[in-house]
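Structure first, then comments.
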């Protein structure tokens, strides 16, 4: 059980050692920060999706939400809108999408997977409409966004890391140590029993969708600040890596229960894997093969060795 | 003579962890007879039938079908060997027609690949006409009345040409007129030489259609006699006769005359109608009735899980509206649900987290975060409560590592944490599936809650002896409402109460 509980950490340490032996530049501060920077988008999205999964729901649309926030923010920049206004518009769009998801799933009781799949396709369409399908970039990126996503503090620490760190810390406290977090685990763990102890199950689920939407907005803004450009599928590539991150992270510490420290570690692990594979020059398909294998093997470990069915994960 | 029975059992015993559900039962059904099984809820009839039909395997003893020993691994094995069971819950596919449901899995085929619908329909119609059932076979079964659906289920069981048919309370949800059709069908089935085992709680119908009656009590077969040789009172005496003196705590304290909870003519628009009763501080009121008679449903209404359509509820003289469990809890009305796993426990939470969930707000420290040390201390205090006698090794242990009795105590303990805010505590079947020693502890705990802490306790149970054993008053439920109330001193024997419940 010890092996299962800390397995992900051991695996991470193992790949860090292997990559460091094969490629000495892997341990340079710049590379370490670059890994965390890569991890930040998946990590932030994962912490949002994680809350939804904790409540027993799912969201397919978070990546498309990220794309839409990105293309709208860039479009506004091209029109030289106020940078702070752009920021709030981005967050508002992300949050609104989460709220609509919650109406569909929690109020109208459409199965989450299908409702948010519909939302995903719809948002992709809107993003294509906004950009005309093309890559778009502003001539001038406001200073605010350079500081937010693409500048470095002391020349080495990418500023994106700060956003990830703040959200990560808040999520660890919220999901793991707050009353509302405990209620969310109760809701996902046994909704009927949660009702019987007087919890407001609908409120908890709604809140998770809204928080997830908000974090998609944050991720979208961070992403375009890093890239200084956007296209209608800018976020879509994060869909599956984020899903993998959330479920892989659930194996850390809690043996199959989604948790914030697990998501953060697993985001860093995934980013390390992808960075390391590139640095030691493995072919382009190696990353996919490795990620898929790692997820399946880790799940096998839980279900076979841990002798504990993954009850809280219903997909 | 071997082989002259459709079905026999010798020394049939089924043991579940901690409970002997069926004990050493010798039993036989003749071809062409209707053999009724009678007994209180939990007397072992259903388990007995589930062993016969292959849902469970016997712990000891054997089952003989037409003289040959058989061991069924599954209901499908039993079906192939000629034993069909119709369960209490309906098992039809709602959007298929009656004919399609009857022939499901054995459809006539055309070109070896497609279903031959007209032939399938013809087969179904033949079965229907043979037993004289009047039911449409070409409409989707969801459009049929409950009794017609029940008939479809029986026709489906007959499709496999069984030698023995098991019917588990087939008339439980039927109207009087529909029952007649069902009796007619059963009569025709029997005249073909099929043996029928018929479980029912309705004594009238048992006397009407059964040839012989077997009575179960506490997992043991206590009598088998020809229906003509039995009467209603004898049956009830067989079902209930037991010694109840030592198991129950002394009931001494008299409840006060203060009205804590007053319920007047409440209905939920579905399963509960026009219920009135009252509860005093320090009083245990027992709700007795058959499953589905409205006792659990009333508890759900009082706890805000189902809507209150009409009537009034007053707590300490003030009228209250309870629209959610959260509101019920605010008023100090707590429910310990019947289905512990489904409605009570959180499998992914440990013991501590399961105990503290309703009172977690008390352990919020800086930044709105849970103070884990205070939480663990409080959980330990609740778990070590001397009246509770919870047996555990570690306050952080996994919930699945606790026994059924201790799981039940957790659900009670969860509310004990809020004892100072409590007014009424409702316990739905709190002793179900629990061994006798722990049952006794739970009885004492309930009396304590009433006498020492002056709560109003509502105790729901299908086991009449325990209801009588610990209640100050017993309310008898039938068909969604309270039909009779007995004060403790008015109760002379169990028959008195059973007459109102059946």
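Protein chains in written order, with my numbering: chain A, 463 to 777; chain B, -6 to 495.
Positions of the beta carbon are idealized from the N, C-alpha and C atoms, including for glycine.
Distance, residue j Cα to residue i Cα
i	j	result
residue 99 (chain B)	residue 449 (chain B)	56 Å
residue 128 (chain B)	residue 140 (chain B)	9 Å
residue 742 (chain A)	residue 717 (chain A)	32 Å
residue 484 (chain A)	residue 734 (chain A)	14 Å
residue 557 (chain A)	residue 669 (chain A)	10 Å
residue 186 (chain B)	residue 344 (chain B)	56 Å
residue 501 (chain A)	residue 623 (chain A)	9 Å
residue 192 (chain B)	residue 7 (chain B)	18 Å
residue 478 (chain B)	residue 467 (chain B)	6 Å
residue 116 (chain B)	residue 108 (chain B)	13 Å
residue 302 (chain B)	residue 595 (chain A)	55 Å
residue 350 (chain B)	residue 662 (chain A)	13 Å
residue 369 (chain B)	residue 411 (chain B)	16 Å
Beta carbon proximity, residue i to chain A, threshold 8 Å
i	result
residue 342 (chain B)	yes
residue 397 (chain B)	no
residue 335 (chain B)	yes
residue 0 (chain B)	no
residue 394 (chain B)	no
residue 179 (chain B)	no
residue 291 (chain B)	no
residue 328 (chain B)	yes
residue 357 (chain B)	yes
residue 322 (chain B)	yes
Chain B residues whose Cβ lies nearer than 7 Å to that of residue i
i	result
residue 640 (chain A)	361, 362, 363
Below-8 Å beta-carbon distance, residue i vs any chain B residue
i	result
residue 659 (chain A)	yes
residue 571 (chain A)	no
residue 635 (chain A)	yes
Neighbour list for residue i in chain A, Cβ cutoff strictly below 8 Å
i	result
residue 319 (chain B)	660, 661, 662
residue 407 (chain B)	659
Residue environment, residue i, which counts as buried when at least 16 other CB atoms sit within 10 Å
i	result
residue 464 (chain B)	buried
residue 386 (chain B)	exposed
residue 219 (chain B)	exposed
residue 104 (chain B)	exposed
residue 111 (chain B)	exposed
residue 764 (chain A)	buried
residue 339 (chain B)	buried
residue 221 (chain B)	exposed
residue 737 (chain A)	buried
residue 125 (chain B)	exposed
residue 155 (chain B)	buried
residue 18 (chain B)	buried
residue 53 (chain B)	exposed
Chain-ordered neighbours of residue i on chain B, where CB pairs are closer than 8 Å
i	result
residue 599 (chain A)	None at all; the shortest Cβ gap to chain B is about 41 Å.
residue 719 (chain A)	341
Contacts of residue i in chain A (Cβ-Cβ under 7 Å)
i	result
residue 339 (chain B)	648, 651, 652, 655
Near the ligand SAM: residue i beta-carbon under 7 Å from a heavy atom
i	result
residue 343 (chain B)	Of the ligands one can find in the structure shown there are none, so the ligand SAM has no counterpart to examine.
Neighbouring residues, chain D, relative to residue i (Cβ below 8 Å)
i	result
residue 644 (chain A)	The structure shown has no chain D; the protein chains it does contain are A and B.
Chain-ordered neighbours of residue i on chain A, where CB pairs are closer than 9 Å
i	result
residue 306 (chain B)	Those within 9 Å of residue 306 (chain B) in chain A number zero; the least Cβ separation is about 17 Å.
Are at least three pairs of beta-carbons, each pair with one atom in the stretch 218 to 237 of chain B and one in the stretch 255 to 267 of chain B, less than 8 Å apart? no
At least 3 beta-carbon pairs within less than 8 Å: the stretch 727 to 745 of chain A vs the stretch 474 to 488 of chain A: yes
Using 8 Å as the Cβ pair cut-off and three pairs as the minimum, do the stretch 44 to 61 of chain B and the stretch -1 to 9 of chain B touch? yes
The stretch 670 to 685 of chain A / the stretch 489 to 497 of chain A touching (three or more Cβ pairs under 8 Å): no
Can you find at least 3 beta carbon pairs, one from the stretch 574 to 593 of chain A and one from the stretch 637 to 650 of chain A, that sit closer than 8 Å? no
Tell me, please, whether the stretch 692 to 703 of chain A touches the stretch 521 to 532 of chain A by the rule of three or more beta-carbon pairs shorter than 8 Å. yes
Decide yes or no for the touch test of the stretch 413 to 422 of chain B against the stretch 321 to 341 of chain B: beta carbon pairs closer than 8 Å, at least 3 of them. yes
Touching by the beta-carbon criterion (3+ pairs, under 8 Å), the stretch 29 to 39 of chain B and the stretch 449 to 463 of chain B: yes
Three CB pairs or more closer than 8 Å across the stretch 738 to 758 of chain A and the stretch 513 to 522 of chain A: no
Given 8 Å as the limit, is there contact between the stretch 307 to 316 of chain B and the stretch 388 to 405 of chain B, that is, 3 or more CB pairs closer than that? no
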